[in-house]
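Enquirer: Sharing a structure with you now.
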């Protein structure tokens, strides 16, 4: 045997003369194939501008100086070309493609094709160094995850799954600024979804919690919203917040009330009694009204008119009391039309108070008992 089995390097024989020639030949071959890096793998012949030391993977259909060298390594040595036959498993770096290729089945293949599955790796570092505390570490500016489409053998969906061993453990996404925690989202210490934030990475406040069983959301740092989680109410109700950051369900229509000038009951209240109708709003507004038949006597001459005396005044007790004297608007109507004109006046001491109004009537003709229909409205506040 005069040559090595794998690299086909010449042996120096015991009785050989000029042993240095054989030695140098072996060194030239080693220099060409060790840490193999080729300029290109798409050329079928040299361009004529190659320099010593350059190496190429000859493409199929080679011609010229490379004719018959398909798939071989063409090395430029001492101004000429030397063919080096690659063995199975050889790996080369292709400079113009910036990728590794390997030799297999008599062909060159991208190295990535030989690595379809990486199993049971202990550390992966992308742009940085992974360690035992962070066995997967990446330092980059963008990351992309995309579903494998149906046409590619997938189903078009993408689900990112994370799992923890026990409910008391932590499964979360921690967001940092300057390596100091600022926000954390996940299942931290239990199985409810929570979001918490921190100004310094040491002091944390829980901003949102979603109960895993009921699905209800609570806001621990916003007591008024936190109070919502336990509320139930009938149709037509609304939520009222109190100054103590608590919340209660209130009917929209019902009894209005207030404490220290703040509404504590329903939004709208209305009622009807023998004195008429009223409506109250939670902001303190109140309107009372009455529409009914009256028979005032207007027989006392007063200038060109005839009016009732004080005893004949009509007293309207409001169906709901005001907190102060309201604004009045009133009028009368008759079932028949004639030339008589009837007027309503407010005469005497305190004709209008917070609880009642005294209405006086005047007519252009004397009327001992005139049938009229009264329309009266009082507008004011109930607190």
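Residue numbers (my numbering): 352 to 734.
Ideal placement from N, C-alpha and C gives every residue a C-beta, glycine not left out.
#1: Between the C-alpha atoms of residue 548 and residue 482, what's the straight-line distance to the nearest angstrom?
#2: Work out the CA separation of residue 492 and residue 529 for me, nearest whole Å.
#3: Which residues in the same chain as residue 419 place their Cβ atom closer than 7 Å to its Cβ, once the five residues preceding and following it in sequence are excluded?
#4: Measuring CB to CB, does residue 605 end up less than 8 Å from residue 661?
#5: Could you name each continuous beta strand (DSSP E) segment of 3 residues or more that falls completely within the segment 393 to 457, going from the start of the chain to the end?
#6: Rounding to the nearest angstrom, what Cα-Cα distance links residue 447 and residue 394 in this structure?
#7: Applying the criterion that 16 or more other CB atoms from any shown protein chain within 10 Å of the CB defines a buried residue, is residue 719 buried or exposed?
#8: What residues are listed by DSSP as bridge partners for residue 632?
#9: Tell me which residue opens and which closes the beta strand (DSSP E) that residue 487 is part of.
#10: Determine, using beta-carbon pairs with one atom in the segment 663 to 672 and one in the segment 694 to 709, whether at least three such pairs fall under 8 Å.
#11: Could you check if residue 545 is buried or exposed, using at least 16 other CB atoms within 10 Å of its CB as the buried criterion?
#12: Starting from residue 556, trace the beta strand (DSSP E) both ways and give me its first and last residue.
#13: Using C-beta distances below 6 Å, list every residue in its chain close to residue 500, excluding the 5 sequence neighbours before and after it, in chain order.
#14: Taking 6 Å as the limit between beta carbons, can you name the residues of its chain near residue 513, skipping five residues before and five after?
#15: In chain order, what are the residue ranges of uninterrupted beta strand (DSSP E) at least 3 long that sit wholly in the segment 491 to 538?
#16: Measuring CA to CA, which of 679, 494, 384 and 651 is closest to residue 444?
#17: Considering only the beta carbon of each residue, do residue 424 and residue 442 sit closer than 8 Å?
#18: Assuming residue 636 and residue 732 form a contact by the criterion Cβ under 8 Å, report the distance between their Cβ atoms to the nearest whole angstrom.
#19: Indicate the three-state DSSP secondary structure (helix, strand or coil) for residue 642 in the structure shown.
#20: Between which residues of its own chain and residue 657 is the CB-CB distance below 8 Å, once the five residues before and five after are set aside?
#21: For residue 518, count neighbouring Cβ atoms within 10 angstroms of its own Cβ and tell me buried if that reaches 16, exposed if not.
#22: I'd like the span of the beta strand (DSSP E) that includes residue 667, first residue to last.
#23: Measuring straight from C-alpha to C-alpha, what distance separates residue 543 and residue 568?
#24: For residue 718, which three-state DSSP category applies?
#25: Tell me, to the nearest whole angstrom, how far the beta carbon of residue 646 is from that of residue 722; I am working on the premise that it is less than 8 Å.
#26: Once you ignore the five residues that flank residue 462 on each side, which residues in its own chain have a CB closer than 8 Å to its CB?
#27: Less than 8 Å separating the beta-carbons of residue 628 and residue 617?
#28: Quick check on residue 677: buried or exposed, where buried means 16 or more other Cβ atoms within 10 Å of its Cβ?
#29: In the structure shown, what three-state DSSP assignment does residue 703 receive?
Expert: Taking the definition as stated:
#1: 27 Å
#2: 15 Å
#3: 413
#4: no
#5: 406 to 408, 424 to 428, 431 to 435, 442 to 445 and 450 to 455
#6: 12 Å
#7: exposed
#8: 619
#9: 487 to 489
#10: yes
#11: buried
#12: 556 to 561
#13: 507
#14: 522
#15: 521 to 528
#16: 384
#17: no
#18: 6 Å
#19: strand
#20: 649, 650, 651, 713, 714, 715, 716, 717 and 718
#21: exposed
#22: 665 to 668
#23: 10 Å
#24: strand
#25: 6 Å
#26: 442, 450, 451, 452 and 453
#27: no
#28: buried
#29: strand
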